[in-house]
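Some notes on the structure that comes next.
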Amino acid sequence: GGSGSSSPPVHSSGVANAGPSLSVEANEKHLLREALIKSRGNRTKAAKLMGGSRRTLHRKIAQWPELDVTDK
52 GGSGSSSPPV HSSGVANAGP SLSVEANEKH LLREALIKSR GNRTKAAKLM GGSRRTLHRK
112 IAQWPELDVT DK
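52 is the number of the first residue of the sequence shown in the numbering used here; add one for each residue after it.
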C-alpha cells in the first residue's frame, strides 16, 4: 500500500529559504510598503521612517513599482 505520510521530510541542508523567515528582499519590500502607507504616499516621510534617503526610496520604488501607493 501507499504511505500517506503528511509530515514534511526532515533533513538539514543549511539553506535558509525554508521556514518562517522572509528573504531580505521580501522583508525590505514589506517595510517599504508599510512606510509608504504610514506616510500616505509621502516619499520623503517614508524615507525618514525607514532611516534612509529619498533617493534610495525612489530607486526601490523604481525597482518594485507595485509598492508605490500614490495615485497614478
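Don't be surprised by glycine CBs; every beta carbon is placed ideally from N, CA and C.
| query | By Cβ distance below 6 Å, which residues in the same chain neighbour T95 in space, the five residues on each side in sequence not counted? | reply | For T95, where only same-chain residues beyond five positions count, the Cβ hits under 6 Å are R105.
| request: Note down, in chain order, each residue of its chain lying with its Cβ closer than 8 Å to the Cβ of Q114, except the 5 sequence neighbours on either side. | output: none
| request: Give every residue of the same chain whose Cβ lies closer than 7 Å to the Cβ of E85, excluding the five residues on either side of it in the sequence, and list them in chain order. | output: none
| For N50, which of helix, strand or coil comes out of DSSP? | The first residue shown for the chain is 52 and the last is 123, placing residue 50 beyond what the model contains.
| said: Using 8 Å for Cβ pairs, my map puts L87 next to A97. What's the rounded Cβ distance? | reply: 5 Å
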